[in-house]
Amino acid sequence: MRLLIDQNLPSRLASLFAAQGYDAAHTDNVGLATSADPQILAWCCTQDRVLVTADKKLTKFLASSSANCPSVLITREMRMTPAEQVAAILVANLPQIEQIIIEHGNAVFSLAPDKPIRAELLPLGVSDKTT
41 MRLLIDQNLP SRLASLFAAQ GYDAAHTDNV GLATSADPQI LAWCCTQDRV LVTADKKLTK
101 FLASSSANCP SVLITREMRM TPAEQVAAIL VANLPQIEQI IIEHGNAVFS LAPDKPIRAE
161 LLPLGVSDKT T
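Counted the way my numbering counts, the sequence shown spans residues 41 to 171.
And the structure:
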């Protein structure tokens, strides 16, 4: 699974994911540090990467544009959580996220500590939630 860590999350997350065997990059390291959401999403689509972000408003953009890619993983309730802890929570859930993508296609995932993953298939508003 290939990941892009959004500019609103610590760049250290990319190296923490890489240490766990994931192909991860941060927007700062791929020329997207000051890019707008549509450019970041388009880049993820062309690079086949899941966007990991804390930006909840991306769901509105994805819904209004009827986008069918990329998959997006929104972290919730983790703004004050150390990067190592965020990485551990996400890494523990990535196999389930990857399985949903393989079986059902791209989706928006919402993940908060001690809560089950929520997933809604893309394009938003067309299909039922998977979990």
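Glycine included, C-beta positions come from ideal geometry on N, C-alpha and C. Treat the numbers as computed from the prediction; the structure is a model and nothing was measured.
- Going by DSSP, Ser-55 is part of the alpha helix (DSSP H) stretching over 52-59.
- Per DSSP, the beta-bridge partners of Val-90 are Leu-43.
- Annotation for Asp-95: Asn-48 place their beta carbon closer than 6 Å to its own, counting only its chain and skipping 5 residues before and after.
- Contact check for Leu-44 against Arg-116 fails: the beta carbons are separated by 8 Å or more.
- The alpha-carbon separation between Ala-152 and Thr-67 amounts to approximately 22 Å.
- Leu-53 and Asp-63 have their C-alpha atoms some 11 Å from each other.
- For Thr-115, the three-state secondary structure derived from DSSP is strand.
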